[in-house]
Amino acid sequence: MSQKKATSTPAPPDARVTMDKIVSLCARRGFIFPSGDIYGGINGFWDYGPLGVELKNNLKAFWWQRVVRERDDVVGIDSAIITHPRTWDASGHTENFSDPMVDCRACKRRFRADQLEDAGRCDAREGSSEHDFTEPRNFNLMLQTQIGASADASLVAHLRPETCQPIFTDFKRVREVARQKVPFGIAQIGKAFRNEITPRNFTFRSREFEQAELEFFVHPSEREKWFEHWKAERMQFHLDLGFRKESLRSRPHAEDELAHYANAAEDVEFLFPFDWQEIEGIHDRGDWDLSRHTEYSGKDLSYSDPEARQSFTPMVIETSMGVDRTCLALLIGAYEEEDLGEGDVRSVLHLSPAVAPVKVAVLPLSKKLAEPARELERTLRRRWSCAYDESGNIGRRYRRQDEIGTPWCVTFDFDSQEDAKVTLRDRDSMQQERVAIEDLVPVLRERMERAG
Ligand code: ATP
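Under the numbering used here, the letters of the sequence shown match residues 691 to 1142, in that order.
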C-alpha cells in the first residue's frame, strides 16, 4: 500500500539473475507455478509445488523457532481467516484500506493511479493507442465473502487483509491464559488476502499470501527501546537466513509515509532484480489497535500492572514479514550461474541448509547398488528431507541437486560395499570426501548445526 522512496543509490543487482530465470526455474523444478494453470492461471494466485512447500515450511519453522520458541516472552496463536466484521471497522480497513485506481473506458482494464507508467498501450481504441482513463477512485482491497446460505447483507464478511488484527482482539484472553506480563508478544503465521489492483513481479505482489507477524506489547515508556530491539533482531534473522549483507538494507519511513497512527516504521528491504523492495516492516503502532478495539467492542483491553499498581493500554511494536516475498528473495539471493570455465556454467542455489527443500540426496553410482543405497536413504529420511536419484550420469545428477539447492550429496559406489564408506559432496565447494557410513548422520548433523 505505501509508496516507496529510494533513500540511496541501489547497488547494481547481479545482471545474470533475472526474474525470467527465477520464474522459469520455479516452474521447471516445481517450486512455484500459477494456480489453476490448466485453465490459464488466475492473476495474483500461486501454488507451491513439492520443493516450494518445503522451502516455505522451512522458512516458517525457522521464524517460529526464533520468534516464539526461543523466547519466554512470546506466545503463538492460529486465528480464523474470517473474523468478526466489526474487527475491520475498528482497525480502519473498512474505511481506509484502499488504493486509488483508474479504469480505461475503452479496454475496461483497471490500473493503480500511481502506476500508470506501467499501463502499456490500449488496444481497444480506434486511431489511438492511448488509454481513456476515468478519474481516480478509491478501491477497497479487502476480499469479500458471504457467510451462510442466505444473501442477507448482514452476513457479508472479509478475508483478513493482515494477520495481526485477531492478535489484538485475542490480546486479553491470550495474555491471561499464557500468564504473561507486559512486555510480551503474540505471534502468528497465516494467510492474508488483498485484492491488489495490479499483482505483479511473480509472487512479490499477490492477492493471497502469507504473513509472519509479531505484536509485542510494551509499557508506553519503553516503546523506543523495544522498537530498536526488534529492528536489530529482525535484521539479524535475515542475515542468519543466509542473505548476503549487501542484498539487504533498512529503510526508515519518512514522516509523510507513516500510517496516521504510527510513531515510527522501518522496512527491511531486499535488492530484487526490479529494485530495492520491502520484505518486512517493523512498526511502532502505538496504542491505536487496542484502543480502537476497546472503543468498538466495549471491552476493556487495558493492562493492570500488578507490581507498579498501574493500569495502561500497552503500546505495540509490530514485526511483519511476508513469507512469500521472503521465499522469493531467498531464491533470488541464492541463485548463481557459476562459470566453471570452458563454457561450463553451473546453475546453483546457495540456500542455507536451514531452508533448503532437500537436505541430502543419495545417489547410487549404478542401479545395481540400489538396495544398499535405498537402505542408507531410509536411515537419513527419518531425520531430514532426502532425495534419491539413480538416473543419468553422476555429474548430471549432482547438477540437478545443485539447481534445487541440496547442500549435500552422498554417492554410494562399488567400494562402499567393501570399505563401508560413501562419498560426501558439498554443493558450494563441490569438494568430495570419503566418510564412513556409520559417521554419516553425526557428520551431517554437525554441518547443519554449523551452518545455522
Ligand atoms: P506494499 O507497500 O509492498 O504493498 P505493505 O507496506 O502494504 O506492502 P504490510 O501491510 O506492512 O505491507 O505487510 C507486511 C508484509 O506483508 C510486507 O512486508 C510484505 O512482505 C507482505 N505483503 C504485503 N502485501 C503483499 C502482497 N500483496 N503480496 C505478497 N506479500 C505481501
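Don't be surprised by glycine CBs; every beta carbon is placed ideally from N, CA and C.
C-beta contact flag for Val-765 and Val-864 at 8 Å: yes
Would DSSP call Glu-898 helix, strand or coil? strand
Leaving out the 5 sequence neighbours to the left and right, which residues in its chain are closer than 8 Å to Leu-1066 when beta-carbon positions are compared? Val-1052, Val-1100, Phe-1102, Val-1112, Ile-1127 and Leu-1130
How would you call Ile-728, buried or exposed, if buried means at least 16 neighbouring beta carbons within 10 angstroms? exposed
Simplified DSSP state of Trp-978, which is helix, strand or coil: helix
Please list, in chain order, all residues of the same chain as Ala-780 whose beta carbon is under 6 Å from its beta carbon, the five residues on each side excluded. Arg-982, His-983 and Tyr-986
Once you ignore the five residues that flank Arg-795 on each side, which residues in its own chain have a CB closer than 8 Å to its CB? Asp-822, Phe-823 and Thr-824
Just the Cα atoms here: how many angstroms apart are Gly-880 and Gln-1122? 41 Å
Could you please give me the residues that DSSP links to Pro-856 through a beta bridge? BP columns for Pro-856 are empty, so no partner.
Looking at C-alpha atoms only, which residue of Gly-1085, Gly-742 and Thr-888 is the closest neighbour of Gln-805? Thr-888
Just verifying my parser: in three-state terms, what is the DSSP assignment at Ala-1110? coil
Got a sec: does the ligand ATP put a non-hydrogen atom nearer than 7 Å to the Cβ of Ile-969? yes
Would you call the CB atoms of Met-791 and Pro-826 closer than 8 Å? yes
Measuring CA to CA, which of Leu-1041, Pro-1062, Ala-1046 and Glu-905 is closest to Gly-971? Glu-905
I'd like to know whether the C-beta atoms of Arg-941 and Asp-957 end up nearer to each other than 8 Å. yes
With distances taken Cα to Cα, identify the nearest neighbour of Asp-742 among Pro-856, Asp-974, Val-713 and Ala-1141. Looking at the sequence itself, residue 742 is Gly, so the reference to Asp does not match. Considering only alpha carbons, the answer is Val-713.
Identify the continuous beta strand (DSSP E) that holds Leu-961 and give its terminal residues. 954-962
Of the choices Trp-966, Gly-734, Gln-870 and Cys-797, whose alpha-carbon is the least far from that of Glu-816? Cys-797
With burial defined as no fewer than 16 other Cβ atoms inside 10 Å of the residue's Cβ, what is the status of Thr-853: buried or exposed? buried
Would DSSP call His-973 helix, strand or coil? strand
Trp-1074 (DSSP reduced to helix, strand or coil): coil
For Leu-831, the nearest candidate out of Ile-857, Asn-885 and Glu-820 (CA to CA): Asn-885
Any idea what DSSP makes of Leu-991, helix, strand or coil? coil
Do Ser-1075 and Lys-1058 count as a contact pair if the criterion is CB distance below 8 Å? no
Start and end residues, alpha helix (DSSP H) containing Val-713: 709-719
Check whether the region 895-904 touches the region 991-998, counting contact only when three or more Cβ pairs, one atom from each stretch, lie closer than 8 Å. no
Using three-state DSSP, classify Pro-702 as helix, strand or coil. With a pLDDT of 49 at Pro-702, under the threshold of 50, the modelled position of that residue is not reliable, and the figure given next carries that caveat. Pro-702 falls in the coil class under three-state DSSP.
Please work out which residues of its chain come closer than 6 Å, Cβ to Cβ, to Ser-692, disregarding the five sequence neighbours upstream and downstream, and give them in chain order. For Ser-692, the pLDDT reaches just 40, beneath the cut-off of 50, and the residue's location in the model is therefore unreliable, although a value from the coordinates is still provided. Within the same chain, Ser-692 has close Cβ partners Glu-947.
Less than 8 Å between the C-beta atoms of Phe-801 and Ala-809, yes or no? yes
Collapsed DSSP secondary structure at Asp-813 in the structure displayed: coil
Burial state of His-783, where buried means 16 or more other Cβ atoms lie within 10 Å: buried
Less than 8 Å between the C-beta atoms of Phe-894 and Leu-1018, yes or no? yes
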